[in-house]
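Heads up: the sequence shown is residues 1 to 157, going by the UniProt record's numbering. Below: one structure, written as structure tokens.
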Amino acid sequence: MYSVGPDDRHYGNSGSRSPREAEVDLGGRRSKSWPLSWAPEAACQARRAIRLELSSSGVPAELMGTAELLVSELVANAVRHAAAPLSLSVVQTRMIRCSVEDGSAVLPKMRSSGGQDECGRGLALVDELSHRWGSYPSTHGKTTWFELEVSPGDRRP
1 MYSVGPDDRH YGNSGSRSPR EAEVDLGGRR SKSWPLSWAP EAACQARRAI RLELSSSGVP
61 AELMGTAELL VSELVANAVR HAAAPLSLSV VQTRMIRCSV EDGSAVLPKM RSSGGQDECG
121 RGLALVDELS HRWGSYPSTH GKTTWFELEV SPGDRRP
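Structure follows, in structure tokens:
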């Protein structure tokens, strides 16, 4: 699914907690973003950032694991197929929306992969495990995002 519209826009961040991350309260929404290094270890950085952010919000372990996997796939795709700069954002409401922005204007395309293929499964995983996902052009290239649904009783205190 690819969709572009007001509901699919990246939520900007303002204010800075440190040079490496930004957090903003969006009227009941929690938003945070991180720049990522343009290197193979960017996926590891992204998983760690999402794990810390979601665990501090009381997100259940299973949902957190899904978010880590999908963020890792989007960041790995960006490092492999796109260009710098690279950043990760998460917005939490009733949904968890993770976005990866990179420096390439080329939108991702889901492709078929065979059973023995070592590549080409990332977006298929995102499509299968997320509530919805998409991609749109952004200021510096493109943003690819996914959403995971959080049931009302799922969050821990």
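Beta carbons: idealized from backbone N, C-alpha and C, even for Gly.
I'd like to confirm something about Leu-86: is its beta-carbon nearer than 7 Å to some heavy atom of the ligand NAD, or not? In terms of ligand content, the structure shown is empty, and the ligand NAD therefore cannot be addressed.
Taking all protein chains shown into account, decide if Leu-86 is buried (16 or more other Cβ within 10 angstroms of its Cβ) or exposed. buried
Backbone secondary structure at Glu-41 - three-state DSSP:
coil
Next on the checklist: I need the boundaries of the beta strand (DSSP E) containing Val-100, first residue and last residue.
Outcome noted: 95 to 102
query = Which value, in whole angstroms, describes the spacing of the CA atoms of His-131 and Leu-125?
reply = 12 Å
Exercise for the section: Check the DSSP bridge columns for Leu-36 and list the partner residues they point to. Expected result: Leu-86
**Request:** Alpha carbon to alpha carbon, how far is Glu-149 from Ser-55? Give it in angstroms, no decimals.
**Result:** 16 Å
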